[in-house]
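Everything in the sequence shown is counted per the working numbering, starting at 756 for the first residue and increasing by one. Ideal placement from N, C-alpha and C gives every residue a C-beta, glycine not left out. For reference, the structure discussed in these notes is given below.
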Amino acid sequence: MINKTVMSFINKVNEDPALHAKVTGQSHLEVLLKTASENGFNFTADEWMSTVQAIYSGELSDDDLANIAGGAVFPSKPNPLGILPGGNATAIPPFGLQ
756 MINKTVMSFI
766 NKVNEDPALH
776 AKVTGQSHLE
786 VLLKTASENG
796 FNFTADEWMS
806 TVQAIYSGEL
816 SDDDLANIAG
826 GAVFPSKPNP
836 LGILPGGNAT
846 AIPPFGLQ
């Protein structure tokens, strides 16, 4: 299920080059969560992962679709911000939301 706070954080990262650079340099999900919290976005690792999984599964419910402002462009990258299910990050930039 899509989490509104996670989506808001992804939007903010896409809009803020300094935050984008800081987040894509993270090496662990816990650090990403701390950075998000420091910027006013509080969500859990489970909320992050369920949102990422919902985005990339391509099977969103009507409620999920209603929670996404403006829709999304789905990249060929593993997931937004490069945080992998194992908790390790890569240097993959977040996808752009329109």
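CB-CB length for residue 768 against residue 778, believed under 8 Å = Sequence index remark: in the sequence shown, residue 768 carries index 13 (1-based). Sequence index remark: in the sequence shown, residue 778 carries index 23 (1-based). With 8 Å as the limit, residue 768 and residue 778 qualify as a contact, their Cβ atoms being about 5 Å apart.
ask   = Would residue 756 pass as a contact of residue 805 if the rule is Cβ separation under 7 Å?
value = By 1-based counting over the sequence shown, the position of residue 756 is 1. By 1-based counting over the sequence shown, the position of residue 805 is 50. Their beta carbons are under 7 Å apart, which means residue 756 touches residue 805 by this criterion.
inquiry  = Closest to residue 794 by C-alpha separation, out of 770, 774, 758 and 759, would be which residue?
reply    = Here residue 794 corresponds to residue number 39 of the sequence shown, with the count starting at 1. The option with the nearest alpha carbon to residue 794 is 774.
ask   = Is residue 758 near residue 796, with beta carbons less than 7 Å apart?
value = Against the sequence shown, residue 758 aligns to sequence position 3. Against the sequence shown, residue 796 aligns to sequence position 41. No, the Cβ-Cβ distance between residue 758 and residue 796 is not below 7 Å.
message = Buried or exposed, going by whether 16 or more other CB atoms sit within 10 Å of the CB of residue 791?
response = Along the sequence shown, read from residue 1 onward, the residue named residue 791 stands at position 36. Buried, because 16 or more other Cβ atoms sit within 10 Å of the Cβ of residue 791.
request  = Please classify residue 809: is it buried, with 16 or more other beta-carbons within 10 angstroms of its beta-carbon, or exposed?
outcome  = Mapped onto the sequence shown, residue 809 falls at position 54. So residue 809 ends up on the buried side.
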